[in-house]
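K.L.:
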Amino acid sequence: METRVRFAPSPTGALHIGGGHTALFNWLWARHTKGKFILRIEDTDRERSTQEYEETIMSGMRWLGLEWDEGPDRGGAFGPYRQSERLSMYRENAEKLVAEGKAYRDGEAIVFRVLPGVELSFDDVVYGRIETTSDGLRDRESGDLKDIVLIKSDGMPTYNYAVVIDDHFMEITHVIRGEDHISNTPKQLLLYGAFGWAPPFFAHLPMILGRDKKKLSKRHGATSVYEYRDMGYMPDSVFNFLANLGWSAGEDANGASREIFTRDEAAGFFELSRVTRKAAVFDPDKLNYISQEHLKRLDPVVRLDLIKPFWREAGLPVERHDNAYLADALTLMGGRGQTARELAGFSDYYVSFEPVKGRWNADEISDELRAGLKEFFSALLSEPEWSAEKLEARARAWVEAKGAKMKDYAMTLRFALTGMKVSPGIFEVSELLGRDEVRRRLEFYEFVPRL
Ligand code: GLU
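Residue numbers for the sequence shown, in the working numbering: 57 to 507.
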């Protein structure tokens, strides 16, 4: 039997971390089993649902690389895929239960009659056996069994009812969703039973907590998937990070845990039965680490495409340089930068001298050091072969001859070229910037006479 799973967001907000996590696990299971991933829009809350939110959720999913096989935008044999377009199905099926005496009318509403003692236990793929009966549906205060509204007086189905109709008719095999829905599952099982339908498998996903072990919320920082994009995280990194929440990809052949992986690798390794029950902690340091690892592994050309928008956003004249030079600059940055935004900031001086001037004004250079620096820089600029190796050799020979400290001189060169205290090897940076640009920067600080 082909696996069919669904992500069923309500379009009442952007795609949040929790929703992205649920969508991702559904996607993983569909891809792992070569089944189908369905997007269903649960827009029965007419006041809070908007077309705009539906679109942001879809573009958030696309950004994460979670393409679906059936959905409101692409159709499929089990549509429509928006609940607001399925109202006649909800009504027809509720009418059947009324005809069978299992539900009754209450004004305009249709209500399901809950009988005592109905067995509603199930084996959750993640949480294991959950034992309960319809007696668990009693009202806490009065102790009476509470009937379940199927269709509200405004004609809209309730969540617990619509989800059963849809999961049944869309032939969903596995319902993978947040553990906050475990408590809804018995009600849904009751309805499956009333219709005489076999329920799907249920796999509830652990909650995501902040580092303070409280439910993830705005207080913990960015909650929408798009905020992470804007901070400079790559989709592959966010995907990898979310996949590691409540699941781990096991170990490789050498016994090392597989922490960094691609989408396709994750789909290969994924096992629903290995999802943990323990709440997962959203650790921003972990995200940064994963992000840095993905950045390092990027092909230089792809990395350049990723960084350019952040340089442009900072007003840097990206178009003035050729791609080979800029890609070399990023390669020289080695593994520096945890996000695209950070790497772009750390490497701005390759694109323009302007940010360097803004960061450093040579104020702390004493007159005495300045005299030495002038000689030092003139010696460097007169090096006939402009390579990192030759420049370094010449610098070493010069400081040795003068009995000076390399640190003072190399550090000043670093500040004059980058405006920063840390950078890749400053002679490598000098080589890449080129003799003319290095001269221009040293002239600006009056370390060498203007030509
Ligand atoms: N619309 C529901 C939600 O967003 C779907 C829950 C489910 O997957 O059954 O929570």
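Note that beta-carbon positions come from the ideal geometry of N, C-alpha and C, so glycine has one too. Keep in mind it's a predicted model, so treat the numbers as computed, not measured.
Is Leu437 near Arg495, with beta carbons less than 7 angstroms apart?
P.N.:
yes
K.L.:
By the 10 Å Cβ neighbour count, where 16 or more other Cβ atoms means buried, how is Met117 classified, buried or exposed?
P.N.:
buried
K.L.:
Out of Met57, Lys92, His88, state which residue places its alpha-carbon closest to the alpha-carbon of Phe63.
P.N.:
Distance from the Cα of Phe63 is smallest, within the candidate group Met57, Lys92, His88, for Lys92.
K.L.:
Return the first residue and the last residue of the beta strand (DSSP E) that Gly234 is part of.
P.N.:
DSSP places Gly234 in the uninterrupted beta strand (DSSP E) bounded by 230-234.
K.L.:
Runs of 4 residues minimum, wholly inside the stretch 318-365: which ones carry the alpha helix (DSSP H) assignment?
P.N.:
319-325, 340-353
K.L.:
My output table needs one value for Lys430: the three-state DSSP class, helix, strand or coil.
P.N.:
Of the three classes helix, strand and coil, the one that applies to Lys430 here is helix, per DSSP.
K.L.:
As a quick exercise: from Val294, Phe325, Leu382, pick the residue whose alpha carbon is nearest that of Asn344.
P.N.:
Val294
K.L.:
Please confirm if the stretch 426-441 is in contact with the stretch 395-409, defined as three or more CB-CB distances below 8 angstroms between the two stretches.
P.N.:
no
K.L.:
I'd like to confirm something about Ser66: is its beta-carbon nearer than 6 angstroms to some heavy atom of the ligand GLU, or not?
P.N.:
yes
K.L.:
Looking only at its chain, what residues have a beta carbon closer than 8 angstroms to the beta carbon of Ser273, apart from the 5 residues adjacent to it on each side?
P.N.:
Gly266, Thr279
K.L.:
Excluding the 5 residues preceding and the 5 following Glu448 in the sequence, name in chain order all residues of the same chain whose CB lies nearer than 6 angstroms to its CB.
P.N.:
Phe483
K.L.:
Opposite Phe168 in the DSSP bridges: which residues?
P.N.:
The partner list for Phe168 (beta bridge, DSSP) reads Ala159, Ile204.
K.L.:
Pick helix, strand or coil for Ala305, following the three-state DSSP scheme.
P.N.:
coil
K.L.:
Helix, strand or coil for Gly280? Go by DSSP, reduced to three states.
P.N.:
The sequence shown places Ser at residue 280, not Gly. Correct three-state label for Ser280: strand.
K.L.:
In whole angstroms, give me the CA-to-CA distance for Tyr510 and Lys202.
P.N.:
Here the chain covers residues 57 to 507 and nothing more, so residue 510 does not appear.
K.L.:
Who are the near neighbours of Leu153 in its chain, counting only those whose CB is closer than 8 angstroms to its CB and skipping five residues on each side?
P.N.:
Ala159, Ile166, Phe168, Leu206, Ala250, Phe251
K.L.:
With a 10 Å radius around its C-beta and 16 neighbouring C-beta atoms as the bar for buried, classify Gln244 as buried or exposed.
P.N.:
Gln244 should be labelled buried.
K.L.:
Using C-beta distances below 8 angstroms, list every residue in its chain close to Arg491, excluding the 5 sequence neighbours before and after it, in chain order.
P.N.:
Leu437, Trp442
K.L.:
Take the Cβ of Val485 as the centre, count every other Cβ of all protein chains shown within 10 Å, and call the residue buried at 16 or more, exposed below.
P.N.:
buried
K.L.:
Considering only residues of the stretch 205-269, which uninterrupted alpha helix (DSSP H) runs meet the minimum length of 4 residues and lie entirely inside it, listed in chain order?
P.N.:
215-225, 241-251
K.L.:
Taking DSSP's pairing of strands, which residues face Lys92 in a bridge?
P.N.:
Arg60
K.L.:
What I want to know is whether the C-beta of Glu235 ends up closer than 6 angstroms to one or more non-hydrogen atoms of the ligand GLU.
P.N.:
no
K.L.:
Can we count Val182 as close to the ligand GLU, meaning its CB is less than 6 angstroms from some heavy atom?
P.N.:
Relative to the ligand GLU, the beta carbon of Val182 is positioned no closer than 6 angstroms to any heavy atom.
K.L.:
Buried or exposed for Ser313, going by 16 or more other Cβ atoms inside 10 Å?
P.N.:
Under this definition Ser313 is an exposed residue.
K.L.:
With respect to 6 angstroms, is the separation between the Cβ of Val220 and the closest non-hydrogen atom of the ligand GLU below this value?
P.N.:
The beta carbon of Val220 sits no closer than 6 angstroms to any heavy atom of the ligand GLU.
K.L.:
Considering only residues of the same chain and omitting the five flanking positions on each side of Leu143, which have a CB-CB separation below 7 angstroms?
P.N.:
The beta carbon of Leu143 sits closer than 7 angstroms to those of Gly211, all from its chain and outside the five residues before and after it, given in chain order.
K.L.:
For a quick check, are the C-beta atoms of Gly302 and Val331 less than 7 angstroms apart?
P.N.:
yes
K.L.:
Using 8 angstroms as the Cβ pair cut-off and three pairs as the minimum, do the stretch 363-375 and the stretch 407-421 touch?
P.N.:
yes
K.L.:
Within 10 Å of its beta-carbon, does Met389 have 16 or more other beta-carbons around it, so buried, or fewer, so exposed?
P.N.:
The Cβ neighbour count for Met389, taken over all protein chains shown within 10 Å, is at least 16; the residue is labelled buried.
K.L.:
Where do the ends of the alpha helix (DSSP H) carrying Phe295 lie?
P.N.:
291-299
K.L.:
Return yes when the C-beta of Glu98 is under 6 angstroms from any heavy atom of the ligand GLU, and no when it is not.
P.N.:
yes
K.L.:
I'd like the list of long-range same chain contacts for Ala322, defined as Cβ closer than 8 angstroms, with 5 residues on each side in sequence excluded.
P.N.:
Leu84, Phe295, Asn296, Ala299, Ala305
K.L.:
Are the beta-carbon atoms of Leu399 and Ile346 separated by less than 7 angstroms?
P.N.:
no
K.L.:
Out of curiosity, what's the CA-to-CA distance linking Gly234 and Gly74?
P.N.:
8 angstroms
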